[in-house]
Amino acid sequence: MTLRTDMDGFRPIDPITIRHDFPIFERDFAGRRLAYLDSASTSLKPRTVIDAVTGYNARYTANVHRGIYTTGEEATAAYEAARVKSARFIDARDSHEIVFVRNATEAINLVAYSWGRRNIRQADTILLTELEHHANLVPWQLLSQEKDADLEFVAIDEQGRLNQESYDVLLRTRPKLVAFTQVSNGLGTINPVREMVAKAHDVGALVLIDGAQAVPHGPVDVQDLDCDFYVFSGHKVLGPTGSGVLWARKELLDEMPPFMGGGEMIREVHLRRTTFNDVPWKFEAGTPDISAAIGLGAAIDYLTAIGMDNVRAHERDLTEYALEVLPREVPGIRILGPRSATERAGIVTFNLPDIHPHDVATLLDREAIAIRAGHHCTQPLHERLGEDATARASFNVYSDRDHIDRLAAGLRKVQRIFERPGSRAAVASQAVAAAR
Ligand SMILES: Cc1ncc(COP(=O)(O)O)c(C=O)c1O
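Mapping of the sequence shown onto the working numbering: position 221 corresponds to residue 222, and the numbering continues sequentially without gaps.
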C-alpha cells in the first residue's frame, strides 16, 4: 500500500506553525490571509526551498558537470545530491534511475518518444484509463497516431473509481504498455496501483504510473509498486516549477534511445557520429534547470522532516472533514468522486446547482480563497461525468480545517449572491449559461 488509508501511529501536523515557513501567508489580501485550496495545481513554496534556489543563484552559480573550480563543483554536488534525495523519496534502488525533467508532462513525453517509438508497433495496444490528466493521454494519442497503434481505456464507476472488471477484460487485449494515474487530479480517487501493476505484468505489459498527485500526498515506494516507469512534478511537492522526475528501471533506461540531443548527454561527438553518456545524463541534454533541481532537493528535505505518513494522515483528516462539512453547510452542493476519504487523496471536487464553477471561483477570490475551476486538464473525464466544468479544493500540509470552514462560508455567500432576484451576478451567470 503506498497511500495509507489507516491513521494509526501518525504524528499530527500543526498547519498554523507550518504556515510560518511559507512567506506567502504573510501577504495581506485586502485584510485577509490566503486560504490556498489549489495545491493540486501547484503547491506553495516554503522558505527553505526559496532560499535553496536563491542560494544557488547568489552564491555558487555555475554550470554542472563542467566547472573544475569551486562554484562549479558546489553546483554539481548540490544538483547530484538532489538526485539522491529524489531517489530516496520514492525508494528507488539507485539514484541513476532518476532523470531530471521539467515536469511530469515532460517525463511522460520522454517515455512516449524514447521507449514508445522504439517499442510500439502497428496494432499494438496502449491501455489508459478514463481518469487520466491530458499529460497522460495526449502523448499516447500522438504515439498511437504515428504508429497506428490502438488506445483502450479502463472505465470508471459512478464514484470515479476504476472499474476493475473493465481493467481485467482490457488486459486480455495484451497491451504493450499500461499507463495510469495513481491519484486522480480530477476527483482525488486513489487507484489500487500495486494490484494493477501485478495484473499488467502477468500479461507481459510494462507499466507507467503518473504519480503527479500521489507523491505530494503520501509515501511512495517504486520498488514495492514494482512498476516500470514513475513520474512526478517537483512544483506540486513544495518544490520550484521547472523540476520534475522520471524514474525508470535502470535496464529500461539503458536500452532506451536518447530523447533530445545536445550537450551533456554525449560521451564523444564526431562530425558524423556520437556516443552517448551514461544514464541518467543521456536523457538530460543541455544545461538543466539547476536551481529547480536543488530547490526540489530542499522541498524533499522539508517533507521528509514532516514525514509523508503524517502528510497523508493530515490530508485524510481534512478530506473527511470537508466531506462532512460541505454538504451540511452548503445546501445542494454536489460532491463528485469517491464518497469515502479512505479512497481519495486531499482533493474535493464539487458543483453548486445553477452556478458555474468559474463564478464560484471568482467570487471566492474576493474572500482570498483560491480554488480551481474548469476541467482541470481532464476533459475526457468531465465528458464522461457529463459536466462542463467543476470546482476543486485541494489540500497540502499548510491547509487546515479553518480553510475548509472559510470555503463553506464562502460558498454560502456565493449562493446568497445568486439567490438575490435580478442580482447582477445571477443575470450574468444566466446569460453565460444561455450562451453555452
Ligand atoms: C495527475 C496529473 N498528471 C500530470 C500532471 C501534469 O503535471 P505538470 O503540468 O506539472 O507536467 C498533472 C498536473 O496537474 C496531474 O495532476
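All C-beta atoms in this analysis are idealised placements derived from N, C-alpha and C, irrespective of residue type, glycine included. Everything numeric in this text was worked out from a predicted model, so none of it was measured.
TODO: Give the range of the alpha helix (DSSP H) segment to which S167 is assigned.
DONE: The residue given as residue 167 occupies position 166 in the sequence shown. It spans 165-172 - the alpha helix (DSSP H) in which S167 sits, taken as one unbroken run.
Task: ligand 1 heavy atom lying under 6 Å from the CB of T18 - done: For the purposes of this step, residue 18 is taken as residue 17 along the sequence shown, with counting starting at 1. Because no heavy atom of ligand 1 lies under 6 Å away, the Cβ of T18 does not count as near it: no.
Task: Neighbour-count burial assignment, M197, 16 or more Cβ in a 10 Å radius - done: Within the sequence shown, residue 197 is the residue found at index 196, counting from 1. Label assigned to M197: buried.
Open item on the list: For ligand 1, I want to know if N397 counts as a neighbour, meaning its beta carbon is within less than 6 Å of at least one of the ligand's heavy atoms.
Closed with: In the sequence shown, residue 397 corresponds to position 396, counting from 1. Not under cutoff, so the answer is no.
- [ ] Find out if the Cβ-Cβ distance for the pair A369, L35 is shorter than 7 Å.
- [x] Sequence index remark: in the sequence shown, residue 369 carries index 368 (1-based). Sequence index remark: in the sequence shown, residue 35 carries index 34 (1-based). Yes, Cβ-Cβ distance for A369 and L35 is below 7 Å.
- [ ] Return the CA-CA distance between T320 and H377, expressed in angstroms with no decimal places.
- [x] Within the sequence shown, numbered from 1, the residue matching residue 320 stands at position 319. Within the sequence shown, numbered from 1, the residue matching residue 377 stands at position 376. Cα to Cα, T320 sits roughly 19 Å from H377.
Task: Reference L143, options V100, Y168, L111, A156, closest by Cα - done: One-based indexing of the sequence shown puts residue 143 at position 142. For the residues V100, Y168, L111, A156, the minimum Cα distance to L143 belongs to L111.
TODO: Return the residue from the list I418, R175, V184 that minimises the CA-CA distance to D151.
DONE: Along the sequence shown, one-based indexing puts residue 151 at 150. The option with the nearest alpha carbon to D151 is R175.
- [ ] Pick out whichever of D366, R393, A88 has its Cα sitting closest to the Cα of G347.
- [x] Locating residue 347 in the sequence shown gives position 346, where the first residue counts as 1. For G347, the nearest C-alpha among the options comes from R393.
Open item on the list: Short of 6 Å in beta carbon distance, which residues of its chain neighbour S96, apart from the five on each side in sequence? Order them along the chain.
Closed with: To locate residue 96, count along the sequence shown from 1; it is residue 95. Hits under 6 Å: R84, V85, A88.
Open item on the list: Residues in the same chain with beta-carbon distance under 6 Å from N311, minus the five sequence neighbours each way, listed in chain order, please.
Closed with: Against the sequence shown, residue 311 aligns to sequence position 310. Cβ within range, chain order: F11, R12, I14.
Task: Pair within 7 Å by beta-carbon distance, L128 and V179 - done: Taking the first residue of the sequence shown as 1, we reach residue 128 at position 127. Taking the first residue of the sequence shown as 1, we reach residue 179 at position 178. Yes, they are a contact pair.
Task: C-alpha gap between P241 and V54, whole angstroms - done: Here the question's residue 241 lines up with position 240 in the sequence shown. Here the question's residue 54 lines up with position 53 in the sequence shown. Taking the straight line from one Cα to the other gives about 8 Å.
Open item on the list: Give me, in chain order, the residues of the same chain whose beta-carbon lies closer than 8 Å to that of A149; leave out the 5 immediate sequence neighbours on both sides.
Closed with: Along the sequence shown, read from residue 1 onward, the residue named residue 149 stands at position 148. Just to set this straight, residue 149 is Asp in the shown sequence, not Ala. The residues are Q123, A124.
Open item on the list: Buried or exposed for I334, going by 16 or more other Cβ atoms inside 10 Å?
Closed with: Start at 1 with the first residue of the sequence shown, and residue 334 comes out as number 333. Burial call: buried.
TODO: Starting from the C-beta of Q160, find all residues in its chain whose C-beta is less than 7 Å away, skip the five residues before and the five after it, and write them out in chain order.
DONE: In the sequence shown, counting from the first residue as 1, residue 160 sits at position 159. Once the five neighbours on either side are set aside, the close Cβ partners of Q160 are G338, P339, R340.
Task: alpha helix (DSSP H) segments (min. 4 residues) lying fully within the region 286-328 - done: 291-307
- [ ] Thinking D92 and Q224 are a contact (beta carbons under 8 Å), I'd like their distance in whole angstroms, please.
- [x] Along the sequence shown, one-based indexing puts residue 92 at 91. Along the sequence shown, one-based indexing puts residue 224 at 223. About 5 Å separates the two Cβ atoms, so the contact holds.
- [ ] Alpha carbon to alpha carbon, how far is N397 from G77? Give it in angstroms, no decimals.
- [x] In the sequence shown, the residue the question calls residue 77 occupies position 76. In the sequence shown, the residue the question calls residue 397 occupies position 396. Checking the sequence shown, residue 77 turns out to be Thr, not Gly. Distance between the alpha carbons of T77 and N397 is about 31 Å.
Open item on the list: Looking at the strands, I want to know which residues DSSP matches up with N352.
Closed with: Position 351 of the sequence shown holds residue 352. In DSSP, N352 forms a bridge with R335.
- [ ] Spatial neighbours of Y322 within its chain, please: CB distance less than 7 Å, with the 5 preceding and 5 following residues excluded, ordered by chain position.
- [x] Position 321 of the sequence shown, counted from the start, is the residue given in the question as residue 322. Around Y322: R402, I405.
Task: Any 3 or more C-beta pairs closer than 8 Å across the region 294-306 and the region 266-276 - done: no
Open item on the list: Here's the rule I'm using: 16 or more other beta-carbon atoms within 10 Å means buried, otherwise exposed. How should D318 be labelled?
Closed with: What you label residue 318 is simply residue 317 of the sequence shown in a count that begins at 1. So D318 ends up on the buried side.
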